[in-house]
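Heads up: the structure comes next, in structure tokens.
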DNA sequence: TAATAATTCAAACGTATGTTTGAATTATTA
DNA sequence: TAATAATTCAAACATACGTTTGAATTATTA
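Below you can see the structure in the form of structure tokens.
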């Protein structure tokens, strides 16, 4: 992949995450990447294809990281537990160096993808990653997925996706609205310690139900 | 308020929620509302002001509903519990007739407001509803908000907002990706029964922490 | 080195957007 | 009813966008 393509991809990823797809012009991307605007269509064909390429790079990394961890667990010949699946997904998102800003950018991209209707993107992801996705969902469902709770699990999954996407993507937004006393930063480790039990709590029925 | 203003407001609310702000042109709004395009600037001044007006109508209803319920509780001279605050917020969102599609539209608007950077909107909301917002946050914090857990509570609140926004806003999106077996619909009552315990679980520390 | 392919570039194209204009129409007031 | 204000309307404005073009430049191949 030529350096021009990479420069475009990097800046597109950054700007798309920060501002959204429709809000980011090709001129802004090529200007930041210091390349000619026509090179986007030369290397990627169109803006839609560029969006897909950005997601493809992330999803490739994510699922290969997730699947690698699952494979290791499978070698031990034990069933993949729900907690293991959650941790594997989080680690795959953070990368091996637990880079939270990387995961954050991924979440921001996902949020934009869900908020803005990008039909082409949905089709692309479905065509290329549906199998990986369904397998991960099965792991996340864990043992608690009985026939009659499939619907509930679907909604719990929505809650979890929303919590993950919104919280990571919104480092700054709520700060501006909420009281400044909440403004302090949290470490990656603390955040994970907070999020993993919460994720488990969201996915599983609670005692009071 | 003239019928033209109302027609514009109604259609703007619907289209903004469905598509986002930048994705909805004034021509689409005025066409759906069957009014002349210039009437937007005549009645509202600008597109930004129209966006603010849409939010203002929602927030007015929401906080007056929420505050009314809290006032009733305050008359009984008891401390407002966290669960009461959550239920009051949910009911205020749904309206007295528990109209879930109304709440859903509100969540979709909020999601777009967070995803797309609408600085003017944030300023507007902060100028007009900051007091209401902070009061509600205090209620939601409940008894568990010790000095050293303020940071954690801030993040729990993020989780909760994300879960609420994303799940309600995404009736259809995940369906298209996930297995069709999860496609069945859930009733408002079932959803509330599922969400309220989840919300409590998100906001409060769990045993395993 | 000469010929060919790949890539970059400045410029333009067509289209869609928010906004403004000034006349035409309707509603209100005196 | 006449005068005045409020509102609607078709048309145009300036601007920004994604995309395309064809020549210029660079890299690769024979």
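Chains as they are written, first to last, in my numbering: chain A, 9 to 217; chain B, 9 to 217.
Backbone N, C-alpha and C fix where the C-beta goes; we use that ideal spot for every residue, glycine too.
Because the structure is a prediction, the values reported are computed rather than measured.
Chain-order list of residues whose beta-carbon lies under 8 Å from that of residue i (same chain, five-residue window excluded)
i	result
residue 43(A)	12, 15, 16
residue 30(B)	124
residue 63(A)	117, 121, 129, 132, 133
residue 145(B)	165
residue 51(B)	10, 12, 13, 16
Residue range of the unbroken alpha helix (DSSP H) whose run includes residue i
i	result
residue 205(A)	196 to 211
residue 106(A)	No alpha helix (DSSP H) holds residue 106(A); DSSP gives it neither H nor E.
residue 133(B)	127 to 149
residue 161(B)	158 to 177
residue 48(A)	46 to 51
residue 32(A)	That residue, residue 32(A), is in no alpha helix (DSSP H); it is neither H nor E in DSSP.
residue 13(B)	11 to 27
CB contact flag (residue i, residue j, <9 Å)
i	j	result
residue 203(A)	residue 203(B)	no
residue 78(A)	residue 200(A)	no
residue 19(A)	residue 37(A)	yes
residue 177(B)	residue 116(B)	yes
residue 136(B)	residue 83(B)	no
residue 122(A)	residue 173(A)	yes
residue 212(B)	residue 170(B)	no
residue 93(B)	residue 148(B)	yes
residue 73(A)	residue 103(A)	yes
residue 22(B)	residue 113(B)	yes
residue 90(B)	residue 208(B)	yes
residue 108(B)	residue 196(B)	yes
residue 194(B)	residue 106(A)	no
Three-way DSSP call (helix, strand, coil) for residue i in this model
i	result
residue 72(A)	helix
residue 62(B)	helix
residue 124(B)	coil
residue 95(B)	helix
residue 89(A)	coil
residue 43(B)	coil
residue 100(A)	helix
residue 84(B)	coil
residue 54(A)	coil
residue 184(B)	The predicted model places residue 184(B) with a pLDDT of 42, which falls under 50 and marks its position as unreliable; any figure quoted below should be read in that light. Here residue 184(B) sits in helix by DSSP.
residue 190(B)	Because the pLDDT of residue 190(B) is 47, which lies under 50, any placement of that residue in the model is unreliable, and the question is left without a value.
Neighbourhood of residue i by C-beta, 7 Å cutoff - its chain only, sequence neighbours within 5 removed
i	result
residue 65(B)	17
residue 210(A)	164, 167, 168, 171
residue 34(A)	45, 48, 55
Residues of its chain near residue i, where Cβ-Cβ distance is below 6 Å and the 5 sequence neighbours each way are ignored
i	result
residue 32(B)	23, 24
residue 41(B)	15, 16, 19
residue 57(B)	none
Cβ-heavy atom distance, residue i to the ligand COA, below 8 Å
i	result
residue 128(A)	For the structure depicted, the ligand COA is absent and the ligand set is empty, with no information on it obtainable.
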